[in-house]
Each structure stands twice: as C-alpha cells, then as structure tokens.
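A short worksheet on the structure shown next.
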Amino acid sequence: MRKYLLSLEELDSLVENIVKNFNSGVIILRGNLAAGKTTFVKRAVKCMGIDDEVTSPTFSLQHCYTDSVFHYDMYNHGLEHFISLGMLEELDKEGLHFVEWGDDELAEILNSAEIKNMTITIEKISDDKREYTICTH
Numbered sequence: 033m034r035k036y037l038l039s040l041e042e043l044d045s046l047v048e049n050i051v052k053n054f055n056s057g058v059i060i061l062r063g064n065l066a067a068g069k070t071t072f073v074k075r076a077v078k079c080m081g082i083d084d085e086v087t088s089p090t091f092s093l094q095h096c097y098t099d100s101v102f103h104y105d106m107y108n109h110g111l112e113h114f115i116s117l118g119m120l121e122e123l124d125k126e127g128l129h130f131v132e133w134g135d136d137e138l139a140e141i142l143n144s145a146e147i148k149n150m151t152i153t154i155e156k157i158s159d160d161k162r163e164y165t166i167c168t169h
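Residues 33 to 169 in this note's numbering are what the sequence shown spells out, letter by letter.
Here it is in structure tokens:
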C-alpha cells in the first residue's frame, strides 16, 4: 500500500506513473462523492493521448474511450446489478478498466478470476488536496 498527498496540479505525475506501469487490468476507484474519481479518469485518459470527453457513467453504467479504455460506475446499481448485466465479462477484455464505486467484493472476484487489479482510494483533504491510497492486488 502506498499513500500520496497531492494537489490537483501534482496529480498528473501519479497518473502518468500508474498508466505507464499498469496499462491493462482494472483500477477500482473509491471515495466519497466529489472526492475526485472521475477527475482521476479524466487525467488518465488525457495522459494516454485520448481526446475524448470524460464524464461519469453514473446513468449509462459504461463509457468507452477508444477500444481499450473503459469507464464504469456502480454507484446507482451496485455489484449484483453489474454482474447480472454480464458486465463482469467486460472487465476481462484487454485494456484498462476504471470502475468507480467498486468495493472489496469486486476486488476478490477479480482476484479469483486472475484479473489484474488495483484499488485507489481517494480522500478529499481540502479543496485542492487529496490523499491517494493505492493497493495492488
């Protein structure tokens, strides 16, 4: 487990390092509302040179940015609904998958399926500072 206390201006260096070293698998993003989960995905997509507009897939469940970057949101429906729609199979596709509001149960399922994953918990410290706790599974 690694922790980083960063301003929004400092976030890009962390994102670049993660995208460079973890370019395929699932990144579970956890944190309260407005902690910065979607902001993290925006910075990652930009870092990968993709010009797509990144918004939270809260109501659509999934957004795709190119054919190898995927963005999911479990806030409204939860893991059981996600699984019932067959979305778990999506996470096995080659590429980088960002899952907002994922939980420990999802990480356990990914581990049992041998799908590479990490969890990033974002805690809002102030308007311009966040603490990022990174756990690789």
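Note that the Cβ used here is the ideal one computed from N, Cα and C, for glycine as well.
Quick caveat: nothing in here was measured; it's all calculated off a predicted structure.
- In this structure, the beta-carbon distance from Val58 to His103 does not fall below 7 Å.
- Between the stretch 60-67 and the stretch 88-103 there are fewer than three C-beta pairs closer than 8 Å, too few to call the two in contact.
- Per DSSP, Ser92 lies in no beta strand (DSSP E) segment and is marked neither H nor E.
- Annotation for Asn149: the continuous beta strand (DSSP E) segment containing it runs Asn149 to Ser158.
- Bounds of any beta strand (DSSP E) do not take in Phe54, whose DSSP letter is neither H nor E.
- The DSSP-derived three-state label of His129 is strand.
- Boundaries for Leu65: no alpha helix (DSSP H) harbours it, and the DSSP string shows neither H nor E there.
- DSSP places Val58 within a strand segment (E or B) once states are collapsed to three.
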